[in-house]
Amino acid sequence: MEKTIYTREYGVMLRVLREMREQVPLTQMELASKLNVTQVFISKCESGQRRLDLVEIRAWCTAMGVSTSDFLEAVEAGIANAHTQRDAPG
656 MEKTIYTREY GVMLRVLREM REQVPLTQME LASKLNVTQV FISKCESGQR RLDLVEIRAW
716 CTAMGVSTSD FLEAVEAGIA NAHTQRDAPG
C-alpha cells in the first residue's frame with residue numbers, strides 16, 4: 656500500500672481544506688495565528704509536504720469555523736467525484 660500522502664484521496668482532502676480556508680475567508684497567515692503555528696507550517700500542510708492527522712484537521716476546522724462533519728462530507732464528495740472522473744470513458 657502506498658503512503659497516504661501520495662494518494663489521490665489525500666490530495667482531494669488537502670484541496671478541500673485549502674478551499675474551505677479561502678471561502679471563510681482566511682489567509683494562511685490568519686489561520687496560522689489562530690492555530691499558534693507559522694504560515695510556513697500551513698503552507699507545507701496544504702502542499703502535502705507535511706502530513707496532517709485527524710486531531711490537527713479537527714483543530715483546523717474549528718479555527719475556520721467549519722464543522723468537522725461538513726469537512727468530511729466535502730472530502731467524501733470530492734473523492735467520489737475524482738473516482739467518477741477517473742472511471743469515465745474518455
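Read in order, the letters of the sequence shown correspond to residues 656 to 745 in the numbering used here.
Ideal placement from N, C-alpha and C gives every residue a C-beta, glycine not left out.
In the DSSP assignment, find the unbroken alpha helix (DSSP H) run with residue i in it and report its ends.
i, result
"Tyr-665", "663-678"
"Lys-689", "683-690"
"Ser-702", "Per DSSP, Ser-702 belongs to no alpha helix (DSSP H) and is neither H nor E."
"Ile-712", "709-719"
For residue i, is the classification buried or exposed, using 16 other Cβ atoms within 10 angstroms of its Cβ as the cut-off for buried?
i, result
"Leu-686", "buried"
"Arg-676", "buried"
Give the single residue among the options whose Cα lies nearest to the Cα of residue i.
i, options, result
"Asp-708", "Thr-723, Val-695, Gln-694", "Thr-723"
"Asn-736", "Thr-662, Val-710, Val-667", "Val-667"
"Glu-728", "Leu-672, Met-719, Lys-689, Val-710", "Leu-672"
"Glu-731", "Arg-705, Lys-658, Tyr-665", "Tyr-665"
"Val-710", "Gly-703, Thr-739, Ala-718", "Ala-718"
"Leu-681", "Thr-739, Val-721, His-738, Asp-725", "Val-721"
"Phe-726", "Ser-702, Val-679, Leu-690", "Val-679"
"Trp-715", "Gln-740, Tyr-661, Thr-662, Glu-674", "Glu-674"
"Ile-712", "Arg-663, Leu-690, Gln-740", "Leu-690"
"Glu-701", "Val-695, Leu-669, Ser-688", "Leu-669"
Measure the C-alpha to C-alpha separation of residue i and residue j and round it to an integer number of angstroms.
i, j, result
"Thr-693", "Met-684", "7 Å"
"Thr-659", "His-738", "16 Å"
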